[in-house]
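Enquirer:
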Amino acid sequence: MNIRLEKLTSIYQENTPFEHLALNRISTEFEEGKYYGIIGQTGSGKSTMIQNLNGLLLPSYGEVHVGDITLRRRTKQRTVHQAKKRVGMVFQFPEHQLFEESVIRDVMFGPKNIGMGEDEAREKAEYYLKLLNVDEALFDKQPFDLSGGQMRKVAIAGILAMEPDVLILDEPTAGLDPLSHIETMELFGKIQKEMGITVILITHDMNDVYEYTDEVKLLNQGNLIRSGSTKDILTDEALLREYELEVPDIVRLTFDLERKGIKFEKMPGTKEEFIGLYTKWRDGHAE
Amino acid sequence: MLSKMLLGRYIPGNSLVHRIDPRAKIIAVLLFMIIVFFANHWTGYLLLILFVLSLTKLAGLSLIFLFNGLKLILLLIVFTFMMHLFFTKGGTVLVDAGWFTIESEGIIRGIYITIRLAMLILITTLLTLTTSPLSLTDAIERICRPLKVLRVPVHEIAMMMSISLRFIPTLMDETEKIIKAQSARGSTFMTGSLKSRLNALTPIFIPLFISAFKRAEEMAVAMEVRGYQGEKGRTSYRVLDWQFKDTAVIIMMVLFGIILFTIRQ
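If you read the sequences in order, they're chains A and B.
Residue 1 is where the first sequence starts when you use the UniProt record's numbering, and the numbers rise one by one after that.
Residue 1 is where the second sequence starts when you use the UniProt record's numbering, and the numbers rise one by one after that.
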């Protein structure tokens, strides 16, 4: 399922003294099965953009096509509900949305809302909780008794259990310890590959964007600046500097080495690739 | 939806209304609350409306904006009007449907009360819209200071007020965030039967309460580590400065009251 934006404009609190243009005539597309990153500074319109993708916000002007569903300014809630079914969203600090008396019931909340029966919902909930390495002993515990990291996993399972076609992640690793950070990102990568779903990631961590995403959309002050392959955009030092974004560690290191005369045959995409290329270079230059 | 609510909101600005000493504004609003009840026929009400409208204009706020922000309160006003319409008797009978009658006195009283309520709400909204919560509580603390003789904890009450005012927008934002998160999980509290809508409130209120309690606790700790111990030894960064224009505001208000009182019938 593709998502297409057509001249999407989003204005907050139109016709009030607080009026604010958050997105300015954005036309772009999210294709099925790809891993996208949305980058840009705070206030660039990233969050507004993703909230338009599943009808949490409706366009002020323009259209959003979610598969065969069209979302416009005055689209009915019933239609919007259909879009929410297909586009799952993990918010920043998702653990703040937990409310049920047990972990399993909280994960079942979403699936049941979109029309799954009790048994099916429980089955999905158990499957995704296990996928996220949540211990079975915790299923019947109160979610508020869990640790922060576990709470986040439960909340993420709650979205995955709805089995959306598109998964939107808004800073999913904010406030996690380094180990959980890697674990979570690896897991989303695995889910994206195995289930073949589209993933859209918002983050300030350029290393994550570089390592995991296929394509990047760069926003600045409500305008779409660039849209293209991750490798092209995140290796463009001048562009990143212009919009005050960090160059990914691997890219910077490779460029630094190049200036010192160590040139790889291609730009490494992951840490492993970097190590591989470096080892190869060393072997080639061994005395 | 919630972002349009104006209750307790402050819009920074530099109009004359903004610059009046908050103490003067509070006293003026209190006076206005009394004056509203002086009006008892058309001219009086007309003057009231004119007065409030010109204040709104002076504060640089648009009426449409105010109206949108106060929609919810409109319900209350309509309800009061209906009560008068059906239950105040007198004058000529306009509609007689057997089990209820609408009489002319009911309509007139209804309109009067509606105007009174609307003006009271508008003027108090103007007060909070043009005065920052901090200076508002500062002013209340100053005005109530004499009560300290009676052992009323004026400072503590003012502090509680300023904290709650300060957190209204935060809680609103938080509510909106949680509503979004739950509705992304397919929760539908905008459609469906009344029962299902009420049920859909649980997933919103529980996370909201939890975060509010957490926030309160963090706030208390943060205040304590910064050495807060009530009023003892506290000085104020902003010092209120009563000027001639503030006295003028009070005098104007009193004059307005006298005018309204003399044209009473």
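Ideal placement from N, C-alpha and C gives every residue a C-beta, glycine not left out.
Here the structure is a predicted model, which means the values were calculated and not measured.
Using beta carbons (cut-off 8 Å, strictly below), is Leu53/A in contact with chain B?
Expert: Residue mapping note: residue 53/A aligns to position 53 of the first sequence, counting from 1. No, Leu53/A does not count as interfacial toward chain B.
Enquirer: Who are the neighbours of Lys180/B on chain A, taking C-beta pairs under 8 Å?
Expert: On the second sequence, residue 180/B is found 180 positions in, with the first residue counted as 1. Near Lys180/B (Cβ distances below 8 Å), the residues of chain A are Gln51, Leu56, Phe91.
Enquirer: Could you check if His20/A is buried or exposed, using at least 16 other CB atoms within 10 Å of its CB as the buried criterion?
Expert: Within the first sequence, the letter at position 20 stands for residue 20/A. The residue is exposed, with fewer than 16 neighbouring Cβ atoms inside 10 Å.
Enquirer: Are Phe99/A and Pro207/B touching if we call contact CB-CB under 8 Å?
Expert: One-based indexing of the first sequence puts residue 99/A at position 99. One-based indexing of the second sequence puts residue 207/B at position 207. Contact: yes.
Enquirer: According to DSSP, Lys217/A sits in a beta bridge with which residue or residues?
Expert: For this step, residue 217/A is matched to residue 217 along the first sequence. Per DSSP, Ile38/A, Ser227/A.
Enquirer: Let me know the secondary structure DSSP gives Leu46/B once reduced to three states.
Expert: As a working note, residue 46/B is residue 46 in the second sequence. If DSSP states are grouped into helix, strand and coil, Leu46/B belongs with the helices.
Enquirer: Three-state secondary structure (DSSP) at Ser60/A?
Expert: Position 60 of the first sequence, counted from the start, is the residue given in the question as residue 60/A. Ser60/A falls in the coil class under three-state DSSP.
Enquirer: Below 8 Å, can you find three or more Cβ-Cβ pairs linking the region 157 to 166 of chain B to the region 129 to 140 of chain B?
Expert: A contact exists between the region 157 to 166 of chain B and the region 129 to 140 of chain B.
Enquirer: In the DSSP assignment, the beta strand (DSSP E) including Tyr12/A goes from what residue to what residue?
Expert: Here residue 12/A is taken as the residue at index 12 of the first sequence, counted from 1. That run of the beta strand (DSSP E) goes 3 to 12.
Enquirer: Can the beta-carbon of Val134/A be found less than 8 Å from the beta-carbon of Ala157/A?
Expert: In the first sequence, counting from the first residue as 1, residue 134/A sits at position 134. In the first sequence, counting from the first residue as 1, residue 157/A sits at position 157. Yes, these two residues count as a Cβ contact at 8 Å.
Enquirer: Using a threshold of 8 Å, state whether the C-beta atoms of Ile114/A and Gly186/B are closer than that.
Expert: As a first step, residue 114/A is located in the first sequence; it is residue number 114 there, counting from the start. As a first step, residue 186/B is located in the second sequence; it is residue number 186 there, counting from the start. For Ile114/A and Gly186/B, yes; Cβs fall inside 8 Å.
Enquirer: Is the closest heavy atom of the ligand ZN to the C-beta of Ile26/A under 7 Å?
Expert: For the ligand ZN, the structure offers nothing, since it holds no ligand at all.
Enquirer: Closest Cβ-Cβ distance between Gln142/A and chain B: below 8 Å?
Expert: Within the first sequence, residue 142/A is the residue found at index 142, counting from 1. Closer than 8 Å: no.
Enquirer: Just to confirm my understanding: we take Glu105/B, look at its own chain, exclude 5 residues before and 5 after, and list those with CB closer than 8 Å. What are they?
Expert: The residue you call residue 105/B lines up with position 105 of the second sequence. If we look at Glu105/B and ignore the five residues flanking it on each side, its Cβ neighbours are Thr88, Lys89, Gly90, Gly91.
Enquirer: Counting along the chain, where does the alpha helix (DSSP H) carrying Ser211/B start and finish?
Expert: Indexing the second sequence from 1 puts residue 211/B at position 211. Start and end: 202 to 225.
Enquirer: For Ile11/B, go through chain A and note every residue whose CB falls closer than 7 Å to its CB, in chain order.
Expert: To locate residue 11/B, count along the second sequence from 1; it is residue 11. Under the 7 Å cutoff, chain A gives Pro17.
Enquirer: Judging by CA-CA distance, which residue of Arg109/B, Gly98/B, Arg238/B is the nearest neighbour of Leu85/B?
Expert: Numbered from its first residue, the second sequence carries residue 85/B at position 85. That would be Arg109/B, whose Cα lies nearest to the Cα of Leu85/B.
Enquirer: Using a C-beta cutoff of 8 Å, does Arg166/B count as contacting chain A?
Expert: Translated into the one-based positions of the second sequence, residue 166/B becomes position 166. Not an interface residue.
Enquirer: Would you verify that the beta carbon of Thr170/B is, or is not, closer than 8 Å to some beta carbon of chain A?
Expert: For this step, residue 170/B is matched to residue 170 along the second sequence. So no, Thr170/B is outside the interface.
Enquirer: Between Met116/A and Pro169/B, what straight-line distance do the alpha-carbon atoms span, to the nearest angstrom?
Expert: Residue numbering aside, residue 116/A sits at position 116 when the first sequence is read from its first letter. Residue numbering aside, residue 169/B sits at position 169 when the second sequence is read from its first letter. If you take the alpha carbons of Met116/A and Pro169/B, they lie about 36 Å apart.
Enquirer: List in chain order: all unbroken beta strand (DSSP E) runs of 3+ residues lying wholly within the region 53 to 138 of chain A.
Expert: For the region 53 to 138 of chain A, whole beta strand (DSSP E) runs of length 3 or above, ordered along the chain, are 61 to 66, 69 to 71, 87 to 90.
Enquirer: At which residue ranges does the region 139 to 204 of chain B contain complete beta strand (DSSP E) runs of 3 or more residues, listed in the order of the chain?
Expert: Runs found: none.
Enquirer: Run through chain A and tell me which residues come within less than 8 Å of Phe65/B, C-beta to C-beta.
Expert: Here residue 65/B refers to the residue found at position 65 of the second sequence. Ordered by position in chain A, the residues that pass the 8 Å Cβ test against Phe65/B are Asn15, Thr16, Pro17.
Enquirer: From His41/B to Met33/B, what does the alpha carbon distance come to, in whole angstroms?
Expert: Residue 41/B sits at position 41 when you count from the first residue of the second sequence. Residue 33/B sits at position 33 when you count from the first residue of the second sequence. Looking at the two C-alpha atoms, the distance is approximately 17 Å.
Enquirer: Nearest to Lys124/A by CA position, among Phe139/A, Leu132/A, Glu136/A, Met108/A, is which residue?
Expert: To locate residue 124/A, count along the first sequence from 1; it is residue 124. Ranking Phe139/A, Leu132/A, Glu136/A, Met108/A by Cα distance to Lys124/A puts Met108/A first.
Enquirer: Could you give the DSSP three-state label for Asp170/A: helix, strand or coil?
Expert: Taking the first sequence and counting its residues from 1, the one referred to as residue 170/A is at position 170. Three-state result, Asp170/A: strand.
Enquirer: Counting only the same chain and skipping the five closest in sequence on each side, list residues whose C-beta sits under 8 Å from that of residue 280/B.
Expert: Outside the shown range of chain B (1 to 265) lies residue 280/B, about which nothing can therefore be said.
Enquirer: Since Tyr278/A and Ile250/A are thought to touch, with beta carbons under 8 Å apart, how far apart are those beta carbons, to the nearest angstrom?
Expert: Here the question's residue 278/A lines up with position 278 in the first sequence. Here the question's residue 250/A lines up with position 250 in the first sequence. 11 Å between Cβ atoms; not a contact.
Enquirer: Which residues in chain A sit within 8 Å of Ala118/B, going by Cβ to Cβ distance?
Expert: Residue mapping note: residue 118/B aligns to position 118 of the second sequence, counting from 1. Under the 8 Å cutoff, chain A gives no residues; its nearest Cβ is about 20 Å from Ala118/B.
Enquirer: Please state the DSSP three-state secondary structure of Asn207/A.
Expert: The residue given as residue 207/A occupies position 207 in the first sequence. The answer is helix: DSSP assigns Asn207/A an H, G or I state.
Enquirer: At the level of alpha carbons, what is the spacing between Leu147/B and Ala28/B?
Expert: Indexing the second sequence from 1 puts residue 147/B at position 147. Indexing the second sequence from 1 puts residue 28/B at position 28. Spanning the two alpha carbons is a distance of roughly 20 Å.
Enquirer: Starting from Thr97/A, find everything on chain B with Cβ-Cβ shorter than 7 Å and list it in chain order.
Expert: Within the first sequence, residue 97/A is the residue found at index 97, counting from 1. The sequence given here has Gln at residue 97/A, not Thr. The contacting residues are Ile178, Ala181, Gln182, Pro207.
Enquirer: Can you tell me where the alpha helix (DSSP H) with His181/A in it begins and where it stops?
Expert: By 1-based counting over the first sequence, the position of residue 181/A is 181. From DSSP, the alpha helix (DSSP H) with His181/A extends over 178 to 195.
Enquirer: Please tell me whether Met185/B has its Cβ less than 8 Å away from any Cβ of chain A.
Expert: Translated into positions along the second sequence, residue 185/B becomes position 185. First, the residue type needs correcting, since residue 185/B is Arg and not Met in the sequence shown. So, interface residue.
Enquirer: Give the range of the alpha helix (DSSP H) segment to which Ile156/A is assigned.
Expert: Here residue 156/A corresponds to residue number 156 of the first sequence, with the count starting at 1. Ile156/A -> alpha helix (DSSP H) spans 148 to 160.
Enquirer: Is the region 227 to 240 of chain B touching the region 131 to 151 of chain A, taking contact as three or more C-beta pairs under 8 Å?
Expert: Touching, no, given that fewer than three Cβ pairs across the two stretches are closer than 8 Å.
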